[in-house]
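Down below is the structure, laid out as structure tokens.
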Amino acid sequence: MSLPTESVTVGTDTPWSELGSLMLPAYAETWAMVGIVMVLVIIFGGIMGLALFNTDRRGLFPHTQSHATLSWIVNMGRSLPFLVLMAAIIPFTKWITGTTIGIWAAVVPMTIAGIPFFARLVQNALNDLPMENLAVGLVTGGSPLQIIGSTQVREALPALASAITLNTISMVEYSAIAGTIGAGGIGYLAVTYGYQRFDMNVMIATILALIVTVQIVQFLGDRIARALARP
Amino acid sequence: MIEIRQLHKHYDTAQGRVQVLKGIDLEVQAGSITAVVGPSGAGKSTLSHCISLLEKPSSGQILVDGKDLSILSGKALRAERRAIGTIFQNSALLRRMTVAENVALPLRNLGVVHHEMEHRVAELLERVGLADRANSYPGELSGGQRQRVGIARALALRPRLLLSDEATSGLDPEATAQILELLASLRTDLGLAIILITHEMDVVRHIADRVAQLDGGRIAEYGELRALVANPESVTGSKLLPLHPDLVPAGYDFALTVAYRGTQIDPSWISKLGSEYGATVALLGGSVEAHQEGTLGRVEIGLSGIGEARAIEVLDGWGLHATAHSQALRTDKINGETRIEVTV
Numbered sequence: 001m002s003l004p005t006e007s008v009t010v011g012t013d014t015p016w017s018e019l020g021s022l023m024l025p026a027y028a029e030t031w032a033m034v035g036i037v038m039v040l041v042i043i044f045g046g047i048m049g050l051a052l053f054n055t056d057r058r059g060l061f062p063h064t065q066s067h068a069t070l071s072w073i074v075n076m077g078r079s080l081p082f083l084v085l086m087a088a089i090i091p092f093t094k095w096i097t098g099t100t101i102g103i104w105a106a107v108v109p110m111t112i113a114g115i116p117f118f119a120r121l122v123q124n125a126l127n128d129l130p131m132e133n134l135a136v137g138l139v140t141g142g143s144p145l146q147i148i149g150s151t152q153v154r155e156a157l158p159a160l161a162s163a164i165t166l167n168t169i170s171m172v173e174y175s176a177i178a179g180t181i182g183a184g185g186i187g188y189l190a191v192t193y194g195y196q197r198f199d200m201n202v203m204i205a206t207i208l209a210l211i212v213t214v215q216i217v218q219f220l221g222d223r224i225a226r227a228l229a230r231p
Numbered sequence: 232m233i234e235i236r237q238l239h240k241h242y243d244t245a246q247g248r249v250q251v252l253k254g255i256d257l258e259v260q261a262g263s264i265t266a267v268v269g270p271s272g273a274g275k276s277t278l279s280h281c282i283s284l285l286e287k288p289s290s291g292q293i294l295v296d297g298k299d300l301s302i303l304s305g306k307a308l309r310a311e312r313r314a315i316g317t318i319f320q321n322s323a324l325l326r327r328m329t330v331a332e333n334v335a336l337p338l339r340n341l342g343v344v345h346h347e348m349e350h351r352v353a354e355l356l357e358r359v360g361l362a363d364r365a366n367s368y369p370g371e372l373s374g375g376q377r378q379r380v381g382i383a384r385a386l387a388l389r390p391r392l393l394l395s396d397e398a399t400s401g402l403d404p405e406a407t408a409q410i411l412e413l414l415a416s417l418r419t420d421l422g423l424a425i426i427l428i429t430h431e432m433d434v435v436r437h438i439a440d441r442v443a444q445l446d447g448g449r450i451a452e453y454g455e456l457r458a459l460v461a462n463p464e465s466v467t468g469s470k471l472l473p474l475h476p477d478l479v480p481a482g483y484d485f486a487l488t489v490a491y492r493g494t495q496i497d498p499s500w501i502s503k504l505g506s507e508y509g510a511t512v513a514l515l516g517g518s519v520e521a522h523q524e525g526t527l528g529r530v531e532i533g534l535s536g537i538g539e540a541r542a543i544e545v546l547d548g549w550g551l552h553a554t555a556h557s558q559a560l561r562t563d564k565i566n567g568e569t570r571i572e573v574t575v
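Going down the list, the sequences are from chains R and U. Reminder that position 105 of the first sequence reads as 105 in this note's numbering, one-by-one numbering, no gaps. Reminder that position 2 of the second sequence reads as 233 in this note's numbering, one-by-one numbering, no gaps.
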């Protein structure tokens, strides 16, 4: 009895020496995705978080119905697992970007998932500020924009830095999930090489890359938050 | 001058309409301090929010030099509210701003140019004695220092009225004394009208010219501090200088509550009652202390060897307002001892 000679490429590991040329572009792609997404998330999620807080009782324009509607939209955005969301909005993604694969195709679902997440983080950061801040803004003659700037955003900066850190780490994770639909980045590498081709070396390298990335992001985020905090 | 006229405030809740303020009238002259006191739930903080224009009254007016600010909103409100400076409980400074930035906040909101702002901030910090802490953060200051920064911030736009909402609650006695001294000097130097909303009677006694007792959304009692304390029947007066008198010992005929009405009371009046009128006086309780103008005092005495009407007449001649406490107090004979209970 002989072993099957028909060569099924099972577990042909990429040599360690070649991993660099494979990993680096993928790593850059991951950061491109996360970077673009975070810019959009901070802008739109930030505005949405401010709207959530300011339509609530402690906000500038308390309005129960607007707040409930916003809150409902945010909850809806957060109720789907990312994989399901990504698959569900493929037609929308294609309509916006004209494609269903690649970085831009991943940016759309990641942004849509990231915005409500960040909105809640911003709302929580603002809720943790002292109750009197609104009154201080009003009695010192602040306009709504001045109040949002000086007594809300500026005062909450350390908490907002932590929120951005948390959100960035989530987006690194989402980018890996987006790899399954051919988004590029190290997630894509892990799926195509590590999972589909049983390439242990790539698998290990991507895992290490992800662990180190998350550690570094968290470390820097903590540093920034601490630097922004005041005695 | 600040006038509050027929201020009403209600809230509509699921359980129906709740009337919190039911027609408040107050008048605070420039250079005077009016304290608003009252039990919790009396409407103090709602009144405070209405005066600081954070909430609109349901009806009524808040007139600053004849101009009704309560009807304004938006830009007009932001422009006019500078007439009213507010000091909060716990100072409410912004934690990520330095002391100087906190004081500058009202000026910055108004768009004052930079060098003018720096000059004004330095002047204000000098005024409250914190010139050397301009670059500190609120977290590095003591509670009393933070509150002085809060006062500097409230003064930034040269208000006519300073509203202090429980500003000394939570401060230690020494810091409280410093804040009160500062407020008193601001009243005199800047001719500020000051409204002090507080539950601390010690504070009121030390600094207020007039006192308004708020109860159930109405002003139950309102008058000069001295007059309230000098009136033995005033509920507010008895809260300002509370008496916890001892029992009247056996052998005494009656008890009197004596309030210092005049400003120049002979402090030896008790011994004079004995030496000149042959009375035996038992000191049962009392509080006598210096005040801005003369002495404040309420004393409870037991007497024998003199008639009640005669004693009241004699004391009246000395500037002391005495009443037998038949109205406020109940007298029972228990085991030959006269027992007195406060029934207010």
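C-beta atoms are modelled at their ideal positions from N, C-alpha and C, and glycine is treated no differently. It should be emphasised that the depicted structure is a prediction, and the values quoted were computed from it without experimental measurement.
Assumed close pair residue i, residue j - CB separation to whole angstroms, cut-off 8 Å
{"i": "residue 84 of chain R", "j": "residue 52 of chain R", "result": "In fact, because the Cβ distance is near 24 Å, the residues do not count as touching under 8 Å."}
{"i": "residue 265 of chain U", "j": "residue 440 of chain U", "result": "7 Å"}
{"i": "residue 515 of chain U", "j": "residue 531 of chain U", "result": "4 Å"}
{"i": "residue 168 of chain R", "j": "residue 34 of chain R", "result": "6 Å"}
{"i": "residue 109 of chain R", "j": "residue 93 of chain R", "result": "6 Å"}
{"i": "residue 529 of chain U", "j": "residue 474 of chain U", "result": "6 Å"}
{"i": "residue 229 of chain R", "j": "residue 158 of chain R", "result": "4 Å"}
{"i": "residue 283 of chain U", "j": "residue 315 of chain U", "result": "6 Å"}
{"i": "residue 285 of chain U", "j": "residue 139 of chain R", "result": "7 Å"}
{"i": "residue 227 of chain R", "j": "residue 27 of chain R", "result": "The Cβ separation is near 27 Å, so there is no contact."}
{"i": "residue 290 of chain U", "j": "residue 237 of chain U", "result": "7 Å"}
{"i": "residue 164 of chain R", "j": "residue 42 of chain R", "result": "7 Å"}
{"i": "residue 422 of chain U", "j": "residue 262 of chain U", "result": "5 Å"}
{"i": "residue 523 of chain U", "j": "residue 269 of chain U", "result": "Between residue 269 of chain U and residue 523 of chain U the Cβ distance is about 23 Å, and since that is not below 8 Å, they are no contact."}
Reduced DSSP category for residue i - H, G, I as helix; E, B as strand; rest coil
{"i": "residue 292 of chain U", "result": "strand"}
{"i": "residue 442 of chain U", "result": "strand"}
{"i": "residue 400 of chain U", "result": "coil"}
{"i": "residue 451 of chain U", "result": "strand"}
{"i": "residue 40 of chain R", "result": "helix"}
{"i": "residue 61 of chain R", "result": "coil"}
{"i": "residue 485 of chain U", "result": "strand"}
{"i": "residue 507 of chain U", "result": "helix"}
{"i": "residue 417 of chain U", "result": "helix"}
{"i": "residue 94 of chain R", "result": "helix"}
{"i": "residue 312 of chain U", "result": "helix"}
{"i": "residue 226 of chain R", "result": "helix"}
{"i": "residue 258 of chain U", "result": "strand"}
{"i": "residue 317 of chain U", "result": "strand"}
{"i": "residue 100 of chain R", "result": "coil"}
{"i": "residue 78 of chain R", "result": "helix"}
{"i": "residue 566 of chain U", "result": "Caution is warranted here: a pLDDT of 40 is assigned to residue 566 of chain U, below 50, making its placement in the model unreliable, and the coordinate value is therefore given only provisionally. Here residue 566 of chain U sits in coil by DSSP."}
{"i": "residue 192 of chain R", "result": "helix"}
{"i": "residue 234 of chain U", "result": "strand"}
{"i": "residue 497 of chain U", "result": "coil"}
{"i": "residue 287 of chain U", "result": "coil"}
{"i": "residue 521 of chain U", "result": "strand"}
{"i": "residue 69 of chain R", "result": "helix"}
{"i": "residue 168 of chain R", "result": "helix"}
{"i": "residue 526 of chain U", "result": "strand"}
Which residues DSSP lists as bridging residue i, in chain order
{"i": "residue 540 of chain U", "result": "Note: residue 540 of chain U sits in no beta bridge, so no partner."}
{"i": "residue 552 of chain U", "result": "U:490"}
{"i": "residue 250 of chain U", "result": "U:241"}
{"i": "residue 424 of chain U", "result": "U:392"}
{"i": "residue 531 of chain U", "result": "U:488, U:516"}
{"i": "residue 159 of chain R", "result": "DSSP output for residue 159 of chain R lists no bridge partner at all."}
{"i": "residue 266 of chain U", "result": "U:427, U:442"}
{"i": "residue 299 of chain U", "result": "U:294"}
Check: residue i C-beta below 7 Å from any heavy atom of the ligand NAD
{"i": "residue 388 of chain U", "result": "With respect to the ligand NAD, the structure shown offers nothing to examine, as it has no ligands at all."}
Going along the chain, which residues of the segment 334-363 of chain U sit with their C-beta nearer than 7 Å to a C-beta in chain R? 336, 337, 340, 341
Within 7 Å of chain U by C-beta, residues of the segment 150-166 of chain R in sequence order: 150, 151, 154, 155, 157
Along the segment 303-330 of chain U, what residues have a CB closer than 7 Å to any CB found in chain R? 309, 312, 313, 317, 319, 323, 325, 326, 327
Selection of the segment 262-288 of chain U by Cβ proximity to chain R, strictly under 7 Å: 283, 285
Anything in the segment 31-59 of chain R with a Cβ closer than 8 Å to a Cβ of chain U? List those residues in chain order, please. none
Enumerate, from N- to C-terminal direction, the unbroken alpha helix (DSSP H) stretches of 4 or more residues contained entirely within the segment 325-389 of chain U. 330-341, 345-358, 374-386
Interface residues of the segment 71-85 of chain R facing chain U [CB-CB below 7 Å]: none
Going along the segment 236-264 of chain U in order, which residues come within less than 7 Å of chain R, judged by CB to CB distance? Listed by position along the chain: nothing, the set is empty.
Mind checking the segment 364-376 of chain U against chain R and listing, in chain order, the residues whose C-beta falls within less than 9 Å of any C-beta there? Of all residues in the segment 364-376 of chain U, 367, 368, 369, 370, 371 have a Cβ within less than 9 Å of some Cβ in chain R.
Near-chain U residues of the segment 112-135 of chain R - C-beta to any C-beta below 8 Å: 130, 132, 133, 135
Continuous alpha helix (DSSP H) assignments of at least 4 residues falling wholly in the segment 103-140 of chain R: 103-127, 133-139
Taking a Cβ distance cut-off of 9 Å, strictly less, list which residues of the segment 196-208 of chain R are near chain U, in chain order. Cβ contacts with chain U: none found.
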